[in-house]
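Using our numbering, read the sequence shown as starting at 12 and increasing by one per residue. Note that the Cβ used here is the ideal one computed from N, Cα and C, for glycine as well. These numbers were taken from a predicted model, which means no experiment stands behind them.
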Amino acid sequence: MNETIKFPSSGELIAFSIGEQEFCVDIMAVREIRGWTNTTPLPQSPNYVRGVINLRGAVLPVVDLGARLGMRPAEPTARSVIIVVRVKSQTVGLLVDAVCDILTVTEDMLQPTPDVTCDMVTRFVTGIIAVDGRMISLVSLDSVLPELEVEAA
């Protein structure tokens with residue numbers, strides 16, 4: 012099953028928290044990390060799309076990553092951050108509770124998502140990293156906005 016895990020190209024991950032859980036993404040996908048900024052809502056958008064912000068003259072959609080992963084929608088605080096990432100050909104902001112760490116990982120540290128989880132979990136989480144007594148889920152950024160492919164077609 013390890014062959015289905017996409018190992019990060021750099022071996023470095025940005026770890027962040029959503030509620031009591033920790034997640035991470037490949038550091039090479041991250042463009043910047045910003046403090047929380049109020050968003051302008053978009054009508055008829057999915058419940059996990061918080062809205063848009065102005066990022067140096069560009070309109071940046073902001074996704075509540077917790078809500079997208081099926082968790083409780085975020086209630087942004089002063090600690091909340093927007094991780095600006097490149098997903099496929101689009102730049103998007105991911106609202107998370109806090110950035111925790113930069114991890115350097117090796118391929119043997121990345122374990123497959125357990126078979127007992129549902130398809131929804133394996134769609135978003137490509138692997139689990141056990142480090143320093145923590146269990147950190149590796150998020151597949153390609154699954155965060157699947158409708159982009161449909162809209163781009």
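Exposure label - residue i; buried when at least 16 CB within 10 Å
i: V74; result: buried
i: A26; result: buried
i: E162; result: Low local confidence applies: a pLDDT of 43 at E162 is under 50, so the model's placement there is unreliable, and no value is given.
i: R83; result: exposed
i: G138; result: buried
i: A85; result: buried
i: R90; result: exposed
i: P72; result: buried
i: G46; result: exposed
i: G30; result: exposed
i: T50; result: buried
Cβ separation of residue i and residue j, assumed to be a contact under 8 Å, to the nearest whole Å
i: V96; j: V36; result: 6 Å
i: L24; j: L114; result: 5 Å
i: L53; j: V63; result: 6 Å
i: V107; j: S28; result: 7 Å
i: L156; j: V98; result: 6 Å
Nearest neighbour of residue i, chosen from the options [CA to CA]
i: Y59; options: T50, N49, T48, L76; result: L76
i: I124; options: T117, V116, T133, I29; result: The residue asked about is misnamed: residue 124 is Thr in this sequence, not Ile. Nearest C-alpha to T124: T133.
i: M120; options: M39, D153, A78, I147; result: I147
i: Q32; options: I38, S151, E118, C111; result: C111
i: D153; options: T102, D126, Q122; result: T102
- Item | Stretch-stretch touch, CB-based, cutoff 8 Å, three pairs: the region 136-143 with the region 65-79 | In the pairwise beta carbon analysis, the region 136-143 is classified as not touching the region 65-79: fewer than three pairs are separated by under 8 Å.
- Query: Curious, which full-length beta strand (DSSP E) runs of at least 3 residues does the region 76-143 contain?
  - Reply: 92-98, 101-107, 109-115, 136-142
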